[in-house]
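Student:
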Amino acid sequence: MNAQPTSSLDRAPQVNVSSYIRGTGMSVPDRVIPNSYFESYLETNDQWIRERTGIIERRWAEPTMSMSDLALPACERAIASAGLTAADIDGIVVATVTPDYVFPSTACVLQKKLGIRGSLAFDVNAVCSGFVYALVTAEGLVRSGAATNMLVVGADMFSRLIDPNDRTTAILFGDGAGAMVLSAAGESNTAPTGGPRVPVIGSPRTTRGIYGSQLHADGSHGDLLCVPGGTAAPVTPESLRDNKHYLTMNGREIFKLAVRGLAEVSDSLLKRHGMEVGDVDHYISHQANARILTAVAKQLGLPVEKLALNVEKYGNTSAARVPLLLAECVSTGRVQQGDLVLISAFGAGLTWGAVLVRM
Ligand SMILES: CC(C)(COP(=O)(O)OP(=O)(O)OC[C@H]1O[C@@H](n2cnc3c(N)ncnc32)[C@H](O)[C@@H]1OP(=O)(O)O)[C@@H](O)C(=O)NCCC(=O)NCCS
Numbered sequence: 181m182n183a184q185p186t187s188s189l190d191r192a193p194q195v196n197v198s199s200y201i202r203g204t205g206m207s208v209p210d211r212v213i214p215n216s217y218f219e220s221y222l223e224t225n226d227q228w229i230r231e232r233t234g235i236i237e238r239r240w241a242e243p244t245m246s247m248s249d250l251a252l253p254a255c256e257r258a259i260a261s262a263g264l265t266a267a268d269i270d271g272i273v274v275a276t277v278t279p280d281y282v283f284p285s286t287a288c289v290l291q292k293k294l295g296i297r298g299s300l301a302f303d304v305n306a307v308c309s310g311f312v313y314a315l316v317t318a319e320g321l322v323r324s325g326a327a328t329n330m331l332v333v334g335a336d337m338f339s340r341l342i343d344p345n346d347r348t349t350a351i352l353f354g355d356g357a358g359a360m361v362l363s364a365a366g367e368s369n370t371a372p373t374g375g376p377r378v379p380v381i382g383s384p385r386t387t388r389g390i391y392g393s394q395l396h397a398d399g400s401h402g403d404l405l406c407v408p409g410g411t412a413a414p415v416t417p418e419s420l421r422d423n424k425h426y427l428t429m430n431g432r433e434i435f436k437l438a439v440r441g442l443a444e445v446s447d448s449l450l451k452r453h454g455m456e457v458g459d460v461d462h463y464i465s466h467q468a469n470a471r472i473l474t475a476v477a478k479q480l481g482l483p484v485e486k487l488a489l490n491v492e493k494y495g496n497t498s499a500a501r502v503p504l505l506l507a508e509c510v511s512t513g514r515v516q517q518g519d520l521v522l523i524s525a526f527g528a529g530l531t532w533g534a535v536l537v538r539m
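Its first residue numbered 181, the sequence shown is counted upward by one per residue in the working numbering.
#1: Am I right that Ala488 and Gln394 are in contact with their C-beta atoms under 8 Å? What's the rounded C-beta distance?
#2: According to DSSP, what are the bridge partners of Ile213?
#3: What are the boundary residues of the alpha helix (DSSP H) that Ala477 is part of?
#4: With distances taken from CA atoms, which of Gly402, Gly518, Arg377, Arg347 is nearest Ser220?
#5: Does DSSP classify Tyr221 as helix, strand or coil?
#6: Leaving out five residues before and five after Tyr281 in sequence, what residues of the same chain have Cβ atoms less than 8 Å from its Cβ?
#7: What's the gap between the Cα of Arg501 and the Cα of Gly334?
#8: Inspect the CB distances between the segment 502-521 and the segment 191-206 and report whether three or more fall short of 8 Å.
#9: Tell me which same chain residues have a C-beta within less than 7 Å of the C-beta of Glu492, skipping the five on either side of it?
#10: Where does Ile259 sit, in a helix, a strand or coil, going by DSSP?
#11: Any idea which residues DSSP pairs Cys406 with across the strands?
#12: Do Val273 and Ile390 come within 8 Å of each other at the CB atom, strictly closer than that value?
#13: What is the C-beta distance between Ala258 and Leu331, in whole angstroms, given that I count them as a contact (C-beta under 8 Å)?
#14: The beta strand (DSSP E) that contains Gln394, what's its start and end?
#15: Examine the Cβ distances between the segment 515-534 and the segment 222-234 and report whether three or more of them are shorter than 8 Å.
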């Protein structure tokens, strides 16, 4: 006699998996900037920053450090934790809006620093959602057979973009990098033959890998969070003089749209896979403000103990936020192999998205 289904995971359809998270790593600069730093020259205070954002401190890189300098240790740690060497990596995608150069891409710079040649390498720009966009792109490349071990990096240095004299933004952002190795799953882990890989079909209770994803964007709200400096708004001596080259943000609007976007995309992705929020072991979401995350958890009906948080230590590190948090949770043992993780992110563009993965 068949056992009665006991949870939505027993009723959920089988999953179709082409890749799994094989290793993770993170790196942050040494220099700690506590809230008291801003008290010394801005009209703000530690209590306001803690209560309104949840942030206690963030890391800022020294001016001599480049994005790739900061990201390299995260990449090396991810590759080592995957049990691989750099020579095994055949694809690199870096999510960043603070690259070393306009071009070449930071992915190409990192490829050189890792001592690899020939692998595909490129950057993506989806700001704070960048890592989720990069992960979905990497998943597609592995599924198509174009790569077997993708290095997926989220790295940003927003200390270079903020106006240090704007108390509404200067306090929010930090620098950091996170990386992950995404490898071909199971039997499909063979050399590409020129065609798509054969995916692993398995139980949503036990099969490791990326189950699915959703990505969204709404360019009509691009002005809510923006950094000028491109062909539409070139940096000129006048714009520099008037501090018009810094990041600008409508925090209150972004706050509302972030709560709605994160809650909707998370709920929709779970439903698409026949799952419920109770099936999720950990919610790893973009960390911009602790109040955004508690509001999202409330809307989803997610118990707070499933909500991973480290915004208090690093602030908003943009594209690095999700992989930095995931790598830290793996290294502390909070996230274990076999756990179901719901990843989500929201950022300028506007962009947002989610990925459902069993570690
Ligand atoms: C920026 C943010 C922390 C502001 O918090 P808030 O509760 O929305 O605060 P408000 O913008 O409504 O401002 C309230 C008051 O605090 C003031 N204030 C803003 N920053 C301050 C600071 N650092 N210290 C003290 N007061 C501050 C404002 O000037 C305003 O004063 P007023 O009432 O006299 O006009 C919040 O809106 C936020 O986190 N937004 C989302 C940011 C984000 O996610 N960005 C990245 C997206 S990827």
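Virtual Cβ for every residue (Gly too), placed ideally from N, Cα, C.
Tutor: If we stick to the structure as given:
#1: Not a contact, Cβ separation roughly 20 Å.
#2: Arg238
#3: 470-480
#4: Arg347
#5: coil
#6: Val289
#7: 8 Å
#8: yes
#9: Gly234, Ile235, Ile236
#10: helix
#11: Thr428
#12: no
#13: 7 Å
#14: 389-397
#15: no
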